[in-house]
Amino acid sequence: MAEHRTSLEEALKLLEINFQLVEHPEVFTVEAMMPYLEDCKGLVCKNLFLKDKKKKKLWLVTARHDQNVNLSWLSKHLKLSGMRFADEQTLMEKLSVAQGSVTPLALFFDTNVDVNFVLDKSLSLDDEMMIYSHPMVNTATLGMKYCDFKKFVAHTKHEMTMVDFSDCS
Numbered sequence: 068m069a070e071h072r073t074s075l076e077e078a079l080k081l082l083e084i085n086f087q088l089v090e091h092p093e094v095f096t097v098e099a100m101m102p103y104l105e106d107c108k109g110l111v112c113k114n115l116f117l118k119d120k121k122k123k124k125l126w127l128v129t130a131r132h133d134q135n136v137n138l139s140w141l142s143k144h145l146k147l148s149g150m151r152f153a154d155e156q157t158l159m160e161k162l163s164v165a166q167g168s169v170t171p172l173a174l175f176f177d178t179n180v181d182v183n184f185v186l187d188k189s190l191s192l193d194d195e196m197m198i199y200s201h202p203m204v205n206t207a208t209l210g211m212k213y214c215d216f217k218k219f220v221a222h223t224k225h226e227m228t229m230v231d232f233s234d235c236s
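Taking the working numbering, the leading residue of the sequence shown gets 68, the next gets one more, and so forth.
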């Protein structure tokens, strides 16, 4: 996945998006990553790669790292029949990223725009706020301002569906 990280970083530079990188040991959970980010100012993301039960649409959900995401509530909110985690093979095919490294930055590799993108509204409240996620590998964390994140997502041709998870119960 190192080649995907390189491609991603090159694309960010071409888009004139400034970013901050924090290198750290391999981590598989947000909780394990947090000690390495204690000097970073901003919001850390967690990411869920899901599919709905009936239509088999794919969803990438990006939320604040400490936000509860109730899949039953989310599927009702999005008017779906239910949601569950998608398998790793589909994750690799659509986003070119492995479990443990899921990131909204992987939308760059979904050139067919097969994956629907849901963003926690709390990540979007300040254009200058730094938001952090993996850069295609779980041995680093990349931060960029939300205004640059919007620019990046627009470049991928994905639409952001904003969800207020504070209503999630």
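Ideal Cβ placement from N, Cα and C applies to all residues, glycine included.
Exercise. Let me know the secondary structure DSSP gives E70 once reduced to three states.
Key: In the structure shown, the three-state DSSP call for E70 is helix.
### Query
DSSP state of L115, grouped into three classes?
Reduced to three states, the DSSP call for L115 is strand.
| Buried versus exposed call for K161 [16 or more other C-beta atoms within 10 Å across all chains shown] | K161 counts as buried, since no fewer than 16 other beta carbons sit within 10 angstroms of its beta carbon.
Within the same chain, show all residues whose beta-carbon is closer than 8 Å to that of N135, passing over the 5 residues directly before and after it, in chain order.
-> Excluding residues within five positions, the ones whose Cβ falls inside 8 Å are F232 and C235.
* **Within 8 Å, strictly: CB atoms of L125 and D181** => Yes, the pair counts as a contact, with Cβ atoms nearer than the cut-off.
* Asked: Starting from A130 and walking both ways along the beta strand (DSSP E), at which residues does that stretch end?
  -> DSSP places A130 in the uninterrupted beta strand (DSSP E) bounded by L125 to R131.
For this session: For I84, collect the residues of the same chain with a Cβ closer than 7 Å to its Cβ; drop the 5 residues on either side in sequence, then sort them by chain order.
Result: Excluding positions up to five away in sequence, the list reads M211, D215, K218 and F219.
Check your understanding: Below 8 Å between beta carbons: does that hold for V111 and H132?
Key -> Closer than 8 Å, so yes.
**Residues that DSSP places opposite L186 in a beta bridge** = The partner list for L186 (beta bridge, DSSP) reads T129 and M229.
Margin query: If I measure Cβ to Cβ from T129 and keep anything under 6 Å in the same chain, skipping five residues before and after, which residues do I get?
Written below: The answer, listed in chain order, is C112, N114, P171 and L186.
**Q.** Alpha-carbon spacing of F86 relative to K121, whole angstroms
**A.** It is roughly 38 Å from the alpha-carbon of F86 to the alpha-carbon of K121.
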